Amino acid sequence: MAIPYQAVKTAQAGVNGGGQYKYYARAGKRELYSYRELSKSIAKISTVSEIDAAAVLAAFAKLIPDLLKEGKSIDLGDLGILSVHLKSEGRESAEDVRPNTIKGVRIHFRPSVQLKKEMNNAEFRKVQ
Numbered sequence: 062m063a064i065p066y067q068a069v070k071t072a073q074a075g076v077n078g079g080g081q082y083k084y085y086a087r088a089g090k091r092e093l094y095s096y097r098e099l100s101k102s103i104a105k106i107s108t109v110s111e112i113d114a115a116a117v118l119a120a121f122a123k124l125i126p127d128l129l130k131e132g133k134s135i136d137l138g139d140l141g142i143l144s145v146h147l148k149s150e151g152r153e154s155a156e157d158v159r160p161n162t163i164k165g166v167r168i169h170f171r172p173s174v175q176l177k178k179e180m181n182n183a184e185f186r187k188v189q
């Protein structure tokens with residue numbers, strides 16, 4: 062398996078008029094792998110049925126937002142950790158930081174050491 066990439070022409074950051082353009086590798090031709098395909102793949106490599114795999118994935122999708130809203134980080138074992146990060150306005154004192162100063166919520170994924178090692182061994186193929 063190889064990660065598809067393409068060469069993309071990009072302007073120099075922070076330079077008026079773009080500065081010198083260079084080509085950089087960017088992941089390309091990403092294909093969406095559906096929920097149903099994932100369930101089928103899980104069933105093929107385990108003892109659970111496709112329906113059971115789909116049920117676990119559905120429960121997972123339902124449970125994660127609730128756990129994150131409780132302020133929990135979710136350890137997904139060899140995958141990594143999901144946690145919440147907040148974007149807020151700066152204030153002069155801690156007492157001035159209130160819920161109305163929070164301007165955004167992001168879900169942050171930190172891949173595990175194992176996943177990083179696997180991805181460092183990736184191969185690449187150029188696509189048009």
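Numbering (my numbering), first residue to last: 62 to 189. Idealized CB from N, CA, C, for every residue including glycine. Only a predicted model underlies this, so the values are computations on that prediction, with no experimental measurement involved.
message: Can you list, in chain order, the residues of its chain with a C-beta nearer than 7 Å to that of valine 69? Leave out the 5 residues immediately preceding and following it.
response: As a working note, residue 69 is residue 8 in the sequence shown. So the list reads Tyr84, Tyr85, Arg87, once near-sequence residues are dropped.
Beta bridge counterpart(s) of isoleucine 168 as assigned by DSSP:
Within the sequence shown, numbered from 1, the residue matching residue 168 stands at position 107. In the DSSP output, where bridge partners are listed per residue, isoleucine 168 has Val145.
- Task: Have a look at Gln67, Pro126, Gly132 and flag the residue whose alpha-carbon is nearest the alpha-carbon of lysine 90.
- Result: Working through the sequence shown from its first residue, we reach residue 90 at position 29. Residue Gln67 holds the alpha-carbon nearest to the alpha-carbon of lysine 90 among Gln67, Pro126, Gly132.
Taking the C-alpha atoms as reference points, what is the distance between arginine 159 and isoleucine 125?
By 1-based counting over the sequence shown, the position of residue 159 is 98. By 1-based counting over the sequence shown, the position of residue 125 is 64. The straight-line gap from Cα to Cα measures roughly 25 Å.
Determine whether the beta carbon atoms of leucine 176 and aspartate 139 lie at a separation below 8 Å. Within the sequence shown, residue 176 is the residue found at index 115, counting from 1. Within the sequence shown, residue 139 is the residue found at index 78, counting from 1. Yes. Within cutoff.
| said: Just to confirm the assignment, what range does the beta strand (DSSP E) spanning arginine 87 have? | reply: Taking the sequence shown and counting its residues from 1, one reaches residue 87 at position 26. Residues 83-88.
Helix, strand or coil: how does DSSP classify arginine 97 here?
For this step, residue 97 is matched to residue 36 along the sequence shown. Arginine 97 falls in the helix class under three-state DSSP.
**Asked** How many Å lie between lysine 187 and histidine 146 at the Cα?
**Response** In the sequence shown, residue 187 corresponds to position 126, counting from 1. In the sequence shown, residue 146 corresponds to position 85, counting from 1. So the two alpha carbons sit approximately 35 Å from each other.
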